[in-house]
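Engineer: So in our numbering, the last one in the sequence shown is 418, and the numbering has no gaps at all.
The beta carbon of each residue, even a glycine, is placed where N, CA and C say it ideally should be.
Structure provided below as structure tokens; questions to follow.
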Amino acid sequence: MSDQSAAGTELSVTERISTEMEAVHGRVGLHVRGQHPKGHAVLQATVQVLDVPAGLRVGVFASPASYSAFVRFSNGIQIDDTLPDARGLAIRMLLQGTPDQEQHFVLASSPIFFAKNAVDFLRFLGVKKQQSRHLTGALLDLSDPVSARPVADADAVKRQVPQQQFRDLCGSDLFPAFGAFIGQPAQSLLSCEWHSQTPYRLGTAVVKYVLQPDASNAEVGPRSAGAHMFRDSISEFLTAGRTAGFTLGVIVQTNEEEMPIEDATIRWNGFWRHCRTGSWRPRRNGSLTEAG
Numbered sequence: 127m128s129d130q131s132a133a134g135t136e137l138s139v140t141e142r143i144s145t146e147m148e149a150v151h152g153r154v155g156l157h158v159r160g161q162h163p164k165g166h167a168v169l170q171a172t173v174q175v176l177d178v179p180a181g182l183r184v185g186v187f188a189s190p191a192s193y194s195a196f197v198r199f200s201n202g203i204q205i206d207d208t209l210p211d212a213r214g215l216a217i218r219m220l221l222q223g224t225p226d227q228e229q230h231f232v233l234a235s236s237p238i239f240f241a242k243n244a245v246d247f248l249r250f251l252g253v254k255k256q257q258s259r260h261l262t263g264a265l266l267d268l269s270d271p272v273s274a275r276p277v278a279d280a281d282a283v284k285r286q287v288p289q290q291q292f293r294d295l296c297g298s299d300l301f302p303a304f305g306a307f308i309g310q311p312a313q314s315l316l317s318c319e320w321h322s323q324t325p326y327r328l329g330t331a332v333v334k335y336v337l338q339p340d341a342s343n344a345e346v347g348p349r350s351a352g353a354h355m356f357r358d359s360i361s362e363f364l365t366a367g368r369t370a371g372f373t374l375g376v377i378v379q380t381n382e383e384e385m386p387i388e389d390a391t392i393r394w395n396g397f398w399r400h401c402r403t404g405s406w407r408p409r410r411n412g413s414l415t416e417a418g
């Protein structure tokens with residue numbers, strides 16, 4: 127993997143990640159959205175900023191206020207909701223009349239990320255590119271080098287090879303946190319706890335964000351499993367006239383060794399401080415707008 131562009135200038139880690147993302151996801155056809163391609167719903171939200179602790183009154187948390195927002199639920203990579211995956215939740219706050227116009231929060235169902243930092247994630251993309259090439263090769267019968275053709279048991283190869291590659295990724299020499307990252311139990315996305323995974327600067331503090339669901343978000347009765355069960359459960363909840371509520375808070379870094387900035391595979395445990403609440407409803411006329 128080259129660290130230089132065609133012009134010979136050294137690429138930043140961000141630029142290298144962008145290049146590798148295009149190479150990895152271009153091979154599997156995810157050109158439009160490399161991460162979290164399947165959206166379950168886009169909802170309108172009303173966000174209320176509370177009287178937050180003095181040390182955290184920065185940016186959108188500077189003073190009590192109310193904002194409109196959009197919220198998108200998604201799968202990390204899977205199209206079938208019954209398969210293990212990291213689920214995503216993105217909040218887009220609309221800050222009308224301010225220079226920034228918008229404030230975004232990107233959260234996931236796991237409190238940890240599988241890569242320690244940006245450099246470690248770049249290493250992950252390199253491994254995934256190798257695995258993608260291996261899968262492509264495994265699907266070809268090369269017994270006759272002149273005329274390669276698809277293997278007879280292609281469906282079995284497509285099941286078995288990715289399973290082995292997943293086990294390899296979880297190995298101690300690669301990304302041992304990967305299994306826990308996507309191994310969260312499937313549940314209603316409205317009653318799930320959401321995490322920023324990586325830390326952020328908030329004023330003079332370093333924090334991780336946590337979004338906790340209200341107890342009233344719990345579903346009534348059992349939920350049937352299916353490939354689109356998260357979209358269906360959100361639709362049933364909201365079309366019944368119910369409103370989903372959440373509270374956003376932060377965990378403030380108090381110990382640099384136990385709560386490191388450069389290792390997102392370590393979960394922060396600390397005092398949780400709430401900053402704001404949100405109530406969410408369907409986007410259009412009582413119906414969900416499916417996200418792309």
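(1) Please classify residue 199 as buried or exposed, where buried requires at least 16 neighbouring CB atoms within 10 angstroms.
(2) Between which residues of its own chain and residue 267 is the CB-CB distance below 6 Å, once the five residues before and five after are set aside?
(3) So for residue 288, helix, strand or coil by DSSP?
(4) Kindly provide the ranges of any beta strand (DSSP E) runs that are 3 or more residues long and lie completely inside the region 316–392, ordered along the chain.
(5) Does the separation of the CB atoms of residue 360 and residue 215 fall below 9 Å?
(6) Find the nearest neighbour of residue 384 within the set 395, 375 and 244, judged by alpha-carbon distance.
(7) With H, G and I counted as helix, E and B as strand and the rest as coil, what does DSSP make of residue 242?
(8) Beta strand (DSSP E) containing residue 217: first to last residue?
(9) Note down, in chain order, each residue of its chain lying with its Cβ closer than 7 Å to the Cβ of residue 412, except the 5 sequence neighbours on either side.
(10) I need the straight-line Cα distance from residue 368 to residue 343, nearest angstrom please.
(11) Pick helix, strand or coil for residue 252, following the three-state DSSP scheme.
(12) In the DSSP assignment, what residue or residues form a beta bridge with residue 403?
Structural biologist: Straight from the coordinates:
(1) Buried: at least 16 other Cβ atoms inside 10 Å.
(2) 275 and 277
(3) helix
(4) 326–328, 331–339 and 370–378
(5) Cβ distance not < 9 Å, so residue 360 and residue 215 don't count as in contact.
(6) 395
(7) coil
(8) 213–221
(9) Note that residue 412 scores 36 on pLDDT, short of 50, meaning its location in the model is unreliable; the coordinates nonetheless yield the value given after this. Cβ neighbours of residue 412 beyond the five flanking positions: 365.
(10) So the two alpha carbons sit approximately 8 Å from each other.
(11) helix
(12) 174 and 373
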